[in-house]
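Please read the structure below before turning to the comments.
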Amino acid sequence: MSPTLRIAFRFLTAKKRAMLMSLSCIILGVGLFIVTQATTSGFEDYFIKTILGTNGAIRIEDKIQETMRTLAAKGATGDSSFMIAQREGRKYVEGIEEPKQVISALKEFDNVAAVSEVLHGPAMMRSSFKGESVRAYGINLEDHLRVSDLRQQIVEGSLEDFRSSPSGALIGKVISERLLLSVGDWFILEASDKTGRQSRRYRVSAIYETGVADIDRSRVYLNMSECRSLLRKPTGASFIQVSLFEKDRAPQDALRIEDVIHYSARSWQEREKSWLEVFRALRFSTAITVSVFILIAGLAMFNTLAMMVMEKTKDIAILRSMGYTRQDISRVFLWQAAIVLVIGTVVGMALGALVTYSVSQVRISIRGIFATDTFIVAWSLWHYVAAVLTAVIMVMVASLVPSRRAARLEPGDVIRGTAQ
Amino acid sequence: MPEISDNIALRCTDIHRYLGQGEGRVHVLRGVSFEAKRGEVYAIVGPSGCGKSTLLYLLGLLDRPDSGEIWINGHLMSNSVDEARTAARGEHIGFVFQFHFLMLEFTALENVMMPMRKLGKLTPAQMVDRAKMLLNDVGLGEKTHRLATQLSGGEQQRVAIARALANQPSIILADEPTGNLDVKNSALVFDLMTRLAKESGQAIILVTHNPEIAGRCDSVRPMRDGLFV
Ligand SMILES: Nc1ncnc2c1ncn2[C@@H]1O[C@H](COP(=O)(O)OP(=O)(O)OP(=O)(O)O)[C@@H](O)[C@H]1O
Ligand SMILES: [Mg+2]
Numbered sequence: 009m010s011p012t013l014r015i016a017f018r019f020l021t022a023k024k025r026a027m028l029m030s031l032s033c034i035i036l037g038v039g040l041f042i043v044t045q046a047t048t049s050g051f052e053d054y055f056i057k058t059i060l061g062t063n064g065a066i067r068i069e070d071k072i073q074e075t076m077r078t079l080a081a082k083g084a085t086g087d088s089s090f091m092i093a094q095r096e097g098r099k100y101v102e103g104i105e106e107p108k109q110v111i112s113a114l115k116e117f118d119n120v121a122a123v124s125e126v127l128h129g130p131a132m133m134r135s136s137f138k139g140e141s142v143r144a145y146g147i148n149l150e151d152h153l154r155v156s157d158l159r160q161q162i163v164e165g166s167l168e169d170f171r172s173s174p175s176g177a178l179i180g181k182v183i184s185e186r187l188l189l190s191v192g193d194w195f196i197l198e199a200s201d202k203t204g205r206q207s208r209r210y211r212v213s214a215i216y217e218t219g220v221a222d223i224d225r226s227r228v229y230l231n232m233s234e235c236r237s238l239l240r241k242p243t244g245a246s247f248i249q250v251s252l253f254e255k256d257r258a259p260q261d262a263l264r265i266e267d268v269i270h271y272s273a274r275s276w277q278e279r280e281k282s283w284l285e286v287f288r289a290l291r292f293s294t295a296i297t298v299s300v301f302i303l304i305a306g307l308a309m310f311n312t313l314a315m316m317v318m319e320k321t322k323d324i325a326i327l328r329s330m331g332y333t334r335q336d337i338s339r340v341f342l343w344q345a346a347i348v349l350v351i352g353t354v355v356g357m358a359l360g361a362l363v364t365y366s367v368s369q370v371r372i373s374i375r376g377i378f379a380t381d382t383f384i385v386a387w388s389l390w391h392y393v394a395a396v397l398t399a400v401i402m403v404m405v406a407s408l409v410p411s412r413r414a415a416r417l418e419p420g421d422v423i424r425g426t427a428q
Numbered sequence: 058m059p060e061i062s063d064n065i066a067l068r069c070t071d072i073h074r075y076l077g078q079g080e081g082r083v084h085v086l087r088g089v090s091f092e093a094k095r096g097e098v099y100a101i102v103g104p105s106g107c108g109k110s111t112l113l114y115l116l117g118l119l120d121r122p123d124s125g126e127i128w129i130n131g132h133l134m135s136n137s138v139d140e141a142r143t144a145a146r147g148e149h150i151g152f153v154f155q156f157h158f159l160m161l162e163f164t165a166l167e168n169v170m171m172p173m174r175k176l177g178k179l180t181p182a183q184m185v186d187r188a189k190m191l192l193n194d195v196g197l198g199e200k201t202h203r204l205a206t207q208l209s210g211g212e213q214q215r216v217a218i219a220r221a222l223a224n225q226p227s228i229i230l231a232d233e234p235t236g237n238l239d240v241k242n243s244a245l246v247f248d249l250m251t252r253l254a255k256e257s258g259q260a261i262i263l264v265t266h267n268p269e270i271a272g273r274c275d276s277v278r279p280m281r282d283g284l285f286v
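Here's what the structure looks like:
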């Protein structure tokens, strides 16, 4: 053990109470940092998982049609204005006329994991009890299971029934409650277009719950061929849902897809921008709040060390008189901060993990943007790294000043001050 | 003058030192010159406040003179950089402060080992052996593991003397090393110091108010108002 570390250890015991104060501040700061990050990013992650499990990573919708104005701009001016002109002049044609072509083009992208074409349209849903306006969603079940978490979202009934019977339907939990429908019950969907109105009977194969209020209230999944008959759309699709291997690359992939297939492609980040920003702001603001705690830990350490230096001036002079260098002296005090820091961060991480675990056991029921019955936490090494880094930086910066002051003390001055 | 400096451990010439600021500025040392040969014991005597401690701090490189030169083992140290002065303190100088200065959180043994650990020339086991031997020499063989706070004033002073001897420095500067000691222990400490001076050729400079001790030194330098008389 280096002599300075040995001295640091012994000095620590001389000011136990002040050191314990700094220590508990560090423990609390690190622990709280971890817990708040775990919970806020837990909910954020779960929100993202819900987005990906319902509306998918990328949605391809509406054909892009260049207007005459864009074409003119394209010929006349340089690159940048051309881009802007294109955005301004963009027009969309609703729906996808040739889903098969689009799908085969999409499969060429290496980050695309699976695709599912979806047809939807408005309908009235009637049970014997009452009616509600909903949207009928036609899907090919196997495809759609690959781009969503529909299988995991089933809370009653079975997908088998939907798969095997053409008149089967998957309805959301909210609508099932509103129309007093349970698995096996029959209901009527009414759709109308220019040529008139038609209604067909369906049976509840299963009830799903995504937690997203809009979806659970309004989406009725039908088999694709049934949906085509109901909505009288023998060809085409409303949109194509895409799942990706790497979800974080969605915005770049969406841009490339738009370039290649000339359909609008919207990434999950773009679609859910406002909610994601709320989560980010929340995470950021809790990080700031908790960093204040760690800042206090730093100040406590500053205070403790400054007092320590004042109390130990004699010892500093003695050490200097027998050949300890300025650097040795500042190390004696930095070591003390480091020791407290190491204990504080280790215990703080343990505390953070423990509290995070206990919080994850807390029961709360949330519906609206996702469905959960317990508190959601995220286990990420990065929360621990960030907490420790923050603590290390704050505490070390705070200890630098007193330890440098200690190193600057002149032995002669100290001795005269005390020995006259 | 190499042949002279060979025999001279410490030399200072025309040292001036002012203390205090502004109105309270005092000309404490007014041109002190002094030489200490290896193997000799010197006593500096004089009335309280005449500047003995001030001179000793300067010779021990704990303070800087306003003018004048200080040579340690042939090297001019009075204006050298802090690193060189610090290294010289660790290697060549053993200092006993006027008021016992032990590190209170440490045992007697640890206090004596403190300079050795910094110098790092011995193995830990050798350090312990040497520290025990030194404590034995000053009559504290039984109390090596006592914390400094559990020792009497005189005992602390003897630990401080053992500590000053730890690295076998060529120069020992002791500011009233026997001030807190009874007759028996004063004699013990003084005999130890003179024996070391003779055996290992150390230069020993001590400040004392005790005429008997001063009388037994090789040379006595009386001081008055910042000057040797
Ligand atoms: N910081 C200071 N400012 C002004 N004068 C000082 C200061 N420190 C010491 N002095 C003066 O310097 C003089 C020499 O002090 P020093 O401690 O060297 O005396 P001394 O000979 O060791 O005395 P003693 O035998 O009592 O220990 C004294 O007159 C003292 O008052
Ligand atoms: Mg004095």
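Heads up: the sequence lines are chains S and P, in that order. Numbering-wise (the numbering used here), the first sequence opens with residue 9 and increments by one. Numbering-wise (the numbering used here), the second sequence opens with residue 58 and increments by one. We put the beta carbon where it would ideally sit given N, CA and C, even for glycine. Computed from a predicted model, the values in this text were never measured in an experiment.
Check the Cβ of residue i against every Cβ in chain P and list those closer than 9 Å, keeping chain order.
i	result
ALA22/S	LEU161 and GLU162
ARG18/S	MET160, GLU162, PHE163 and GLU167
Do we get a CB-CB distance below 8 Å when we pair residue i with the residues of chain C?
i	result
GLU80/P	Absent here is chain C; the protein component of the structure consists of chains S and P.
Find the residues of chain S that neighbour residue i, judging by a C-beta separation of less than 8 Å, and give them in chain order.
i	result
ARG146/P	ARG328, SER329, MET330 and GLY331
ASP282/P	Here the premise fails: no neighbours, minimum Cβ distance about 17 Å.
THR143/P	ARG328, GLY331, TYR332, THR333 and ARG334
Do you know offhand how far residue i's Cα is from residue j's?
i	j	result
ALA22/S	THR312/S	11 Å
ILE127/P	ALA26/S	43 Å
VAL195/P	LYS322/S	23 Å
ASP232/P	VAL409/S	34 Å
ASN231/S	ALA386/S	36 Å
VAL298/S	PRO419/S	41 Å
THR313/P	ASP248/P	The structure shown does not extend to residue 313/P, since chain P is modelled only from 58 to 286, so the question has no answer here.
PHE301/S	VAL393/S	17 Å
VAL340/S	LEU263/P	31 Å
GLY177/P	VAL185/P	13 Å
PHE117/S	ALA258/S	12 Å
LYS108/S	THR364/S	47 Å
GLN225/P	PRO181/P	16 Å
TYR99/P	GLY198/P	28 Å
PHE154/P	ARG215/P	11 Å
VAL277/P	THR265/P	10 Å
MET280/P	GLY103/P	5 Å
LEU290/S	LEU40/S	15 Å
In chain P, what lies closer than 7 Å to residue i by C-beta?
i	result
ASP323/S	MET160
PRO11/S	ARG174 and LYS175
Rounded to whole angstroms, how far is the Cβ of residue i from the Cβ of residue j, which I believe are closer than 8 Å?
i	j	result
PHE287/S	ILE104/S	About 31 Å; that fails the 8 Å criterion.
GLY180/S	THR58/S	So it is not a contact: roughly 14 Å between Cβ atoms.
PHE55/S	TRP283/S	7 Å
SER124/S	ARG154/S	7 Å
SER190/S	ALA65/S	Between ALA65/S and SER190/S the Cβ distance is about 33 Å, and since that is not below 8 Å, they are no contact.
Could you please give the first and the last residue of the uninterrupted beta strand (DSSP E) stretch that includes residue i?
i	result
GLN206/S	204 to 216
PHE152/P	150 to 153
SER90/P	83 to 94
LEU252/S	247 to 252
CYS69/P	65 to 76
LEU230/P	228 to 232
Give the range of the alpha helix (DSSP H) segment to which residue i is assigned.
i	result
ARG159/S	158 to 161
VAL240/P	240 to 257
ARG187/P	181 to 194
PRO268/P	268 to 272
VAL396/S	389 to 416
GLY211/P	210 to 221
ARG14/S	11 to 22
MET316/S	281 to 319
VAL355/S	334 to 368
LEU188/S	From DSSP, LEU188/S is part of no alpha helix (DSSP H); its letter is neither H nor E.
Which chain S residues sit within Cβ distance under 9 Å of residue i?
i	result
ASP139/P	THR333 and ARG334
PHE154/P	ALA325, ILE326, SER329, ILE423 and ALA427
Going along the region 334 to 352 of chain S in order, which residues come within less than 8 Å of chain P, judged by CB to CB distance?
-> Of all residues in the region 334 to 352 of chain S, ARG334 and ASP336 have a Cβ within less than 8 Å of some Cβ in chain P.
Could you name the residues of the region 164 to 195 of chain P whose beta carbon sits closer than 7 Å to any beta carbon of chain S, in the order they occur along the chain?
-> Those would be MET171, PRO172, ARG174, LYS175 and LEU176, in chain order.
Of the residues that make up the region 410 to 421 of chain S, which ones have a beta carbon closer than 7 Å to any beta carbon in chain P?
-> From the region 410 to 421 of chain S, only PRO419 and GLY420 have a Cβ closer than 7 Å to chain P.
Within 9 Å of chain S by C-beta, residues of the region 107 to 127 of chain P in sequence order | Listed by position, the residues of the region 107 to 127 of chain P near chain S (Cβ gap below 9 Å) are SER110, THR111, TYR114, LEU115, GLY117, LEU118, LEU119, ASP120 and ARG121.
Name the residues in the region 198 to 226 of chain P whose C-beta lies less than 7 Å from a C-beta of chain S; which are they?
-> Taking 7 Å as the Cβ-Cβ cut-off against chain S, none of the residues of the region 198 to 226 of chain P qualify.
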